[in-house]
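Chemist: Read in order, the letters of the sequence shown are residues 29 to 180 in the numbering used here. Got a structure for you, questions after.
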Amino acid sequence: MKSLFAKYNGDRQQISKCLPRIVKSVVNCYSGNCSDTCRWSITLCNGGIKTSWWNKSINLSSNGLQNGSLKPNKTDKLLIESLLEMKLSQTALNQMQFFSNTNKCESVNRTISTYLPKNKNFSRNAIGRASAAVLKVNNNRDVALAKDSKKL
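Take a look at the structure:
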């Protein structure tokens, strides 16, 4: 999803058109059929000898699995498709409205509560403190400090 959002600049219609092809490509790849369907899709595998998932995956190589080692039957392929569709389907895309996750949200909330604790009243400088929190979240600490010092 991350590469899809980057490639299509978050355009959900284009992303949703690609999802079924990607699921099929991944199922074909793990079935040992790394052909043209994989080579021209957005799966970042490109179907090459050195760029395929079979060579990149630490888990596959540590268990001695190579391209063609797995022989999934129709039931296995349906199971793989259903597992992939948990993350790569229109429903999953609709649930990820802004392509954010809980860690990002919790990080922002934690930073804002650090700058604006609930047990204190900041009547005069609340906007400035909230702006500093947002600046820190959007940049590294050193970049935020440099930008703050330029304003002074």
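For each residue, glycine too, the CB sits at the ideal point set by N, CA and C. Small disclaimer: the values here were computed from a predicted structure and weren't measured.
Between Thr130 and Asn137, what straight-line distance do the alpha-carbon atoms span, to the nearest angstrom?
Modeler: As a first step, residue 130 is located in the sequence shown; it is residue number 102 there, counting from the start. As a first step, residue 137 is located in the sequence shown; it is residue number 109 there, counting from the start. If I take the Cα positions, the gap works out to 10 Å.
Chemist: Enumerate in chain order the residues of its own chain whose CB-to-CB distance from Ser141 is below 8 Å, with the five nearest sequence positions on each side excluded.
Modeler: Within the sequence shown, the letter at position 113 stands for residue 141. The answer is none, since no qualifying residue turns up.
Chemist: Buried or exposed, going by whether 16 or more other CB atoms sit within 10 Å of the CB of Lys164?
Modeler: Locating residue 164 in the sequence shown gives position 136, counting from the first residue. Buried, since its Cβ has 16 or more Cβ neighbours within 10 Å.
Chemist: Look up Phe33 in the DSSP assignment and say whether it is helix, strand or coil.
Modeler: Translated into the one-based positions of the sequence shown, residue 33 becomes position 5. Looking at Phe33 - three-state DSSP - the assignment turns out to be helix.
Chemist: Within this structure, are the beta carbons of Val55 and Lys105 separated by less than 8 Å?
Modeler: Within the sequence shown, numbered from 1, the residue matching residue 55 stands at position 27. Within the sequence shown, numbered from 1, the residue matching residue 105 stands at position 77. It is a contact, given that the beta carbons lie within the stated cut-off.
Chemist: Which of the three DSSP states, helix, strand or coil, is assigned to Pro100?
Modeler: As a position in the sequence shown, residue 100 is number 72, starting the count at 1. Coil, per DSSP.
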